[in-house]
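Start counting the sequence shown at 27; every next residue gets the next number (the working numbering).
Heads up, the beta-carbon is just placed ideally off N, CA and C, and yes, glycines get one too.
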Amino acid sequence: MTAPRISFEFFPPQSLEASFRLWETVQVLAPMSPEFVSVTYGAGGTTRKLTHEAVGAIKRNYGLNVAAHLTCVDASRAETLEIAEAYAEQGVTEIVALRGDAPKGADRFTAHKDGFASSEELVAALAKTGKFKLRVGAYPERHPDAADDFADVTWLKRKIDAGASSAITQFFFEADTFFRFRDACVKAGITAPIIPGILPIQSWEGTKKFAARCGASVPLRLDEGFAAAKRDGREALLALTQCTTLCTRLIEEGVEDLHFYTLNRPELTRDVVRALGIVPDVALEKVA
Ligand code: FAD
C-alpha cells in the first residue's frame, strides 16, 4: 500500500489555553510533512482576524503551506477580496473558498447585500485575481440546501468550472459513501481531485452531535461498537482502528490524498497517520 499525501485542518484559537492547544497540535503534526494545512473561518465570519493571525503564525513559524478558509458570510465583495489580498501579501497562495453557514440565530444563509451570493461567485472572483490555488467543499451525503440527490455533484462541477482546482469533502463514516460520490463526479465530467475529509473520532458523543449538524449519517455498527468499547475502556483503541481501517479502504481504492479534521487535538490523527505508514521527519523519540 502506497502511503497517501496528507493534510490537516485546524481552527483558530479563541483563548490563551486554546492557543497553546493549537500550537501543540501543529508541533506534533508538522513533522508528518503535510502537503498543506488549513485554518477554518468561524461560522458567520466570526474569526476573521484570528484566522488571519493563525495562518500567518503557522506559516512563519513552521514554513508549512497554509490554506486559509474564506466564506461569503457577513462581508461585502470588496471586504472579502481585501481579506484575500491580505493573504496574498503574506505569501499565502491557497484558499479554501466556501459559501459558509448562517450566522448564529439565523436559520439559513443570506447573502450580504453587497456580498458574494454563492461559493461559485466567490471562487470565480478569487480565480480572477490569479493569486491563489482554490479548494472548495464537497458533500458525499446530501447537503441540507441541495435541491435533489444529484445537486451536490452539479454544484461542485460549477465551482470547479469557476476556477477551483480540488475539493475537500465533508466527513463520512463509510468508504462506500465516498466511492459513490466520486463515481458520480467522474460521470459528471469532474476531473479535479476530490480529497476525502477524515474525522478521527476523539469522542463518540461529540462526534454524533457534530455529524447531526453536518448531515453525516452514523452507522449503527459504530454506535454499538462505541457503546461496548466504553464499557470496556477501549474507546481509544476502537477510534484508532475505525479511522485507520476507513483510510486503508480509501487508499486501496485509489485515494492518494487524505485531509484530517484534527479539531486541534493531535494524538489520534498522528497515530492514524503513522499506522498508514507515514514516518515523521524527525527522530522518533522526539515525537513519541
Ligand atoms: P456550496 O457548494 O456553496 O453549497 C452546498 C450545497 O448547497 C451545494 O452542493 C448545492 O446543492 C446547494 N447550493 C448552495 N448554493 C446554491 C445555489 N445558489 N443554488 C443552488 N444550490 C445551491 N464553514 C465555515 O463557516 N467556515 C469554514 O471554515 C468551513 N470550512 C469547511 C471546510 C470544508 C472542507 C467543508 C466541506 C465545509 C466547511 N464549512 C465551513 C461549512 C460550509 O460553509 C457549509 O457546509 C455551507 O453550508 C456550504 O458551503 P460550501 O461552499 O461548501 O457549499
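Between the C-alpha atoms of His169 and Ala94 there is a straight-line separation of about 22 Å.
The beta carbon of Ser229 sits no closer than 7 Å to any heavy atom of ligand 1. Distance from the C-beta of Asp127 to the nearest heavy atom of ligand 1 is below 7 Å.
Its chain contains Phe62, Val63, Ser64, Val65, Val81, Ile84, Lys85, Val118 and Glu120 as the residues whose beta carbon lies nearer than 8 Å to that of Val92, once the 5 sequence neighbours on both sides are disregarded; these appear in chain order. Rounded to the nearest whole angstrom, the C-alpha separation of Leu276 and Thr267 is 14 Å.
Taken through DSSP and simplified to helix, strand or coil, Pro222 comes out as strand.
DSSP links His95 through a beta bridge to Val122. Fewer than three pairs of CB atoms, one per stretch, sit closer than 8 Å, so the region 174-188 makes no contact with the region 254-268. For Val162, DSSP records a beta bridge to Ala123 and Ala193. Remark: the shortest separation between the CB of Tyr67 and any heavy atom of ligand 1 falls under 7 Å.
Taking 8 Å as the cut-off, the beta carbon of Pro166 is found closer than this to the beta carbon of Phe198.
Just so you know, the alpha carbons of Asp307 and Leu107 end up roughly 36 Å apart. Contact check for Phe286 and Phe34: beta-carbon distance about 5 Å, within the 8 Å limit, so the pair qualifies. Between Pro245 and Glu279, the gap from beta carbon to beta carbon reaches 8 Å or more. The way I'd put it, the region 199-217 does touch the region 150-167; three or more beta-carbon pairs between them come closer than 8 Å. A distance of 8 Å or more separates the beta carbons of Ile194 and Arg247. In the structure shown, Phe34 adopts extended strand secondary structure according to DSSP, grouped into three states. Residue state for Phe135 is assigned as coil, using DSSP reduced to three classes. Counting of Cβ neighbours within 10 angstroms places Asn87 among the exposed residues, the total staying below 16.
Residues of the same chain with a CB within less than 6 Å of the CB of Lys157, apart from the 5 flanking positions on each side, are Ala114 in chain order. Taken in chain order, the complete alpha helix (DSSP H) segments of 4 residues or longer contained in the region 218-263 are 230-240 and 246-258. Between ligand 1 and Ile194, a heavy atom-to-CB distance of less than 7 Å is present.
A distance below 8 Å separates the beta carbons of Ala123 and Leu152.
Setting aside the 5 residues that flank it on each side, Arg31 is surrounded in the same chain by Glu61, Glu282 and Asp283, each with a C-beta closer than 7 Å to its C-beta; the list follows chain order.
For His169, the Cβ falls inside the 7 Å cut-off from some heavy atom of ligand 1. Relative to Gly189, the option among Phe236, Asp174, Ala150 and Pro222 whose CA is nearest is Ala150.
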